[in-house]
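Asks:
In our numbering, the protein residues as written are 182 to 1161.
1. Would you say the segment 1001–1008 touches the segment 868–875, given that touching needs at least three Cβ pairs under 8 Å?
2. Tell me where the alpha helix (DSSP H) around residue 439 begins and ends.
3. Looking at the structure shown, is residue 1107 part of a helix, part of a strand, or coil, going by DSSP?
4. Verify whether the separation of the beta carbon atoms of residue 541 and residue 318 is less than 8 Å.
5. I'd like the span of the beta strand (DSSP E) that includes residue 837, first residue to last.
6. Rounding to the nearest angstrom, what Cα-Cα distance links residue 820 and residue 212 in this structure?
7. Within the same chain, show all residues whose beta-carbon is closer than 7 Å to that of residue 1020, passing over the 5 residues directly before and after it, in chain order.
8. Look at the alpha carbon of residue 1072 and the alpha carbon of residue 715, and state the distance between them as a whole number of angstroms.
9. Decide if the segment 771–779 is in contact with the segment 807–827; the criterion is three or more beta carbon pairs, one per stretch, under 8 Å apart.
10. Just verifying my parser: in three-state terms, what is the DSSP assignment at residue 1097?
11. Going by the beta-carbon positions, is the gap between residue 904 and residue 190 smaller than 8 Å?
12. Can you look up residue 194 in the DSSP assignment and give me helix, strand or coil?
13. Starting from residue 998, trace the beta strand (DSSP E) both ways and give me its first and last residue.
14. How would you write the range of the alpha helix (DSSP H) that residue 721 sits in, first residue to last?
15. Exposed or buried, which one is residue 857 when buried takes at least 16 other CB atoms within 10 Å?
16. Considering only the alpha carbon of each residue, which of 270, 551, 496 and 297 lies closest to residue 374?
17. Take residue 801 and list the residues in its own chain whose beta-carbon comes closer than 8 Å to its own, dropping the five residues that flank it on each side.
18. Identify the residues that DSSP records as bridge partners of residue 470: which are they?
19. Does the distance from the C-beta atom of residue 434 to that of residue 427 stay below 8 Å?
20. What's the C-alpha gap between residue 1092 and residue 382?
21. Relative to the alpha-carbon of residue 841, which residue among 1010, 591 and 688 has its alpha-carbon at the smallest distance?
22. Using CA coordinates, which residue listed in 965, 477, 304 and 354 is at the minimum distance from residue 430?
23. Give me the Cβ distance between residue 1114 and residue 1077, rounded to the nearest whole Å; I'm assuming they're in contact under 8 Å.
24. Quick one, which of 547, 506, 740 and 507 has its alpha-carbon nearest residue 523's?
25. Quick check on residue 1027: buried or exposed, where buried means 16 or more other Cβ atoms within 10 Å of its Cβ?
26. For the beta strand (DSSP E) containing residue 450, list its first residue and its last residue.
27. Helix, strand or coil for residue 1155 per DSSP?
28. Kindly indicate the opening and closing residues of the alpha helix (DSSP H) around residue 258.
29. Using a Cβ-Cβ cut-off of 7 Å (strictly less than) and excluding sequence neighbours within five positions of residue 389, which residues of its own chain qualify?
30. Please return the same chain residues whose Cβ sits closer than 8 Å to the Cβ of residue 370, not counting the five positions on each side in sequence.
31. Let me confirm a value: residue 1222 is counted as buried when at least 16 other C-beta atoms fall within 10 Å, else exposed. Which label applies?
32. Can you tell me whether DSSP reads residue 726 as helix, strand or coil?
33. Only counting the same chain, and skipping five residues up and downstream in sequence, which positions put a Cβ closer than 6 Å to that of residue 278?
34. What's the C-alpha gap between residue 378 and residue 320?
35. Put residue 784 into one of helix, strand or coil per three-state DSSP.
36. Short check: CB of residue 1130 to CB of residue 794, under 8 Å?
In structure tokens:
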């Protein structure tokens, strides 16, 4: 890679034989990118074309790979040698005879191909395989356009003495690059795939009629007779549904084969090509092209002038006359599994049924790729070489790429320093660094998330607890809970994410925004700009909704970085929803208009893997030269002088480092980390800081007012195998299903059902109780990992079952985070203060009773739901299911749901219980903000990851002084007006 701003990207490398660069010879390439931006597309690591050119000359594979190897005595190259057949004896390839073209033709001439076709030409059939079938190709049309600028290419310009001298002496100028300075990929309105189905190439020239005749066109009015300033907007169909074929014309190896691309056999391909041409016209109407007088009237060719110009009929006529191959045919010897009857080579590229014979070229692609095919063909050959040699030549390179997320050399000064690479920090680093003029440093105390495979597997998050990716906190001893926690001191185990991705690496991937009334209450408390309608657009900005029946909802959006889907194949999830219906609740979209009701869970999973903020936001931004990420960097203090945040001090590799911030320090260290750092820096409760001889810079209620969701559960056995068990997950079929297809029991978290209800004493607009259905009954070993002494709670071996989790959304008991010492490496005191108020116990008892009521409904009765394990030995001295017995169970086993908030809570300037103002600025300290879940005025009604991401999205706009969601806001307003 020879493009400076791409050299450090995870997706590129330098030093290989194939030079890749960009040429900015033609200003039209920049106009093309700007036109796309005007239509709402991003500039990506693929807009201005990346090309194989070095010192102004073509870098083909012969130049890059073959010629440098020609001195090897073990390599012979024979030219002008046409292979006529492969010599196959007893289904073993033994050699070749010389003569013509194409892998499928040679195979068929050798007796490998469709049996009936070979027999028609009297070729002995050695193996009946679908050779030559399933051909796919990119077909393109174009929009001939004149311009009133000399920014493009013309023949006279290229043939001028100055151009020739510039090329011959410097390797520069209009002869030094291909005529395609701009490339784009988009999805059509009917696209149903994960990849794009449409492509554009901007060609920086308007050909003349002579060029058309060379390519076989009868041009008649298409191109001018003499050179004219202009361009071609090439519109490309990437995945046409119409398939073609290659077949033999005869058994003479010098007869060219029959090539039938079968273009536009299916009308769908015509419709899609018409759409991409309309998109191309839309591009040409943008300001960048309007400035140079882009005129596409030449599209109105005489052949089609009997139709209204630009009507579907006229465009179809044009397409049928002039659309042509983009020279990317593939798949005539397609690769597939051993059981795939449409394929002829296996994944090792061996011809099925023939020993010692492989195919290594574009013909093996199962489907044509989304873009020009030369690079993937080179990749196929690189991988094939390793397969054939039995080596892994890229192992060291792959390892290097995984660590390329971070930098070791830190500058002395940045514009913004972000402390903490969790859910909020990853979003904020990505969004702030979108501005190339801003220099951003992200400091993370832990390492990279790539070091633990369990992080990416949705079902495996508990396996990350108590590892290097977990702070593994424990609370202070609790008076009213934690009676069965190991160690005998009633200390709850509190896992919190450590490393890039933070607690988003540990969570159960639930996408729950909370109640609209949560945010309206924030606004009523003085947090202007944080009402539901204020923040909805920021939820939408992040979201890539992949549930079909929610895509068109006012409350959802597609195209954001954060994938949201449902795992709709869980029978227990459906039973859960039906049980709620039987009790009179509605099935709802709890992220939509109303939250009270039951639903199958919405989750952040894509292709069977975890979609954390590091995956969705940070890693795609790591090619930016203005963003540095440093891991294993433990921030010890914010440097504050005269109530101005100047920078931070951190420890890495046992050495202290100090780095300065020109603009702001932003704490994203989480509900524990952010207050801990603030207090160590002299910002916190005065009396508490003085106790540890920390100079008090500002007396603020840091670490107080902590809120958390606490949950209990109902362990339940069932007589059905609808749930998850360890042996089921570890079976060969499950592992294969996951590794090959990204499906099966490993591909989703174990919470297929979610519900929100109000208790009998609820006095708020938002719900106060939540249920999660967990599609597994843990075993006692799992309980010990979570810090429980289970004693009869869970079985010793795997049993079919489930857990009904009952959750207190708004407990009245408040907790705190405080210092244990002034040593930054001492964990702070965490006191959640669970069930300090009896009201919380009564409400949890009610939640358990409602859960039991659910388990008694017909959907669960059908599978023999038995919750007798709730009668644990610890509490058997009380009558089973009495208030006393349930209270005993709760005090032994209720635990955190990992949703602590509010330790640096946001409030108005007059709110004495708050730490930050509605712009998330620490009160009384300039250039210091907090952006994470700790700023929530109150915990939201549901899982807290989605609102934390929203907070970071909104904070990025506030910091940059922009309003990036204006278009989303307009769409919401338009939707509202349509509904009136």
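Even for Gly, the Cβ is constructed at its ideal location relative to N, Cα and C.
Replies: The relevant details are as follows:
1. yes
2. First-last for residue 439: 439–441, but that is the beta strand (DSSP E), not the alpha helix (DSSP H).
3. strand
4. no
5. 836–848
6. 45 Å
7. 993
8. 40 Å
9. no
10. strand
11. no
12. coil
13. 997–999
14. 713–723
15. buried
16. 551
17. 611 and 742
18. Answer by DSSP bridge pairing: none, since residue 470 is not bridged.
19. no
20. 57 Å
21. 591
22. 304
23. Actually they are not in contact, since the Cβ atoms of residue 1114 and residue 1077 sit about 13 Å apart, beyond 8 Å.
24. 547
25. buried
26. Taken as a continuous stretch (DSSP letters only), residue 450 belongs to no beta strand (DSSP E), being part of the alpha helix (DSSP H) at 448–465.
27. helix
28. Unbroken run through residue 258: none, as it is neither H nor E.
29. 404, 405, 406, 407 and 408
30. 456
31. Past the boundaries of the shown model lies residue 1222; the chain is included only from 182 to 1161, so the question cannot be answered.
32. strand
33. In this prediction, residue 278 has a pLDDT of 47, which is less than 50 and means its spatial position is unreliable; what the coordinates show is noted afterwards. Correct list, in chain order: 265 and 266.
34. 12 Å
35. strand
36. yes
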